[in-house]
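Here the structure comes first, spelled out in structure tokens, and everything after it is commentary.
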Amino acid sequence: MTDVKSVTFDMRLQKGDYRRIVYYQIFGKNKFALFGMGFVLAACIVYLVLDLAGVMDMSGWIRFACIVFIILYGVLVAFMESITGKLMKSDLQILGKKRRATVSQDGVIFQAEEKAEPLHFPWTDLYNGAETKSCFLMFSRTGMILFFPKRLLSGEQASQLGRLLRSMMRTQFHGKK
18 MTDVKSVTFD MRLQKGDYRR IVYYQIFGKN KFALFGMGFV LAACIVYLVL
68 DLAGVMDMSG WIRFACIVFI ILYGVLVAFM ESITGKLMKS DLQILGKKRR
118 ATVSQDGVIF QAEEKAEPLH FPWTDLYNGA ETKSCFLMFS RTGMILFFPK
168 RLLSGEQASQ LGRLLRSMMR TQFHGKK
């Protein structure tokens, strides 16, 4: 199947890792949406400041649209932070603690330092996966997201892990975006 039989490495996830996953799922697939929303947000703030300073006179509906956009943007950010919090909470017992991950032809196994019982995810439980610039992602049928930040992997480990995931997940694994 593949020349790589397994990849084992230690990992210690941080809050920023979870945030990157959530923001990637919402914005990462469409860079235009991210930059477009940022541009519109900046324009709305500039227009409102200029309007309040008396430099520019905005019509009522444009002012209203800017305020609504800023509020909706804030709600979106709060929603993403809420999802990040829920994702971290589901993994809170090992957040910041070292765990060993083994990805092999049998599946994915996590062993935390304090937990005697390892978590095992056979390939049949993983229905989708992707490689991004910063991590490898896999989605399990139990609703968990398995991710491996590339910052924790050596170049050789990242290469081996990518080959193993592509081999085991085949069409369910999507390359770097």
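Sequential numbering of the sequence shown, starting at 18, is according to the numbering used here.
Heads up, the beta-carbon is just placed ideally off N, CA and C, and yes, glycines get one too.
If you draw a straight line from the Cα of residue 75 to the Cα of residue 91, it comes to about 22 Å.
For the pair of segments examined, the stretch 79 to 95 was found to touch the stretch 57 to 66: the number of CB pairs separated by less than 8 Å reaches three. A straight-line Cα-Cα distance of about 17 Å links residue 160 and residue 99. Under the rule that a run must span 4 or more residues, no alpha helix (DSSP H) segment is found entirely inside the stretch 52 to 86. In the structure shown, residue 174 falls within a helical segment according to DSSP collapsed to helix, strand and coil. Residue 102 sits in a helix when the DSSP states are folded into three classes. Proximity to residue 164 across 56, 118, 181 peaks at 118, based on C-alpha coordinates.
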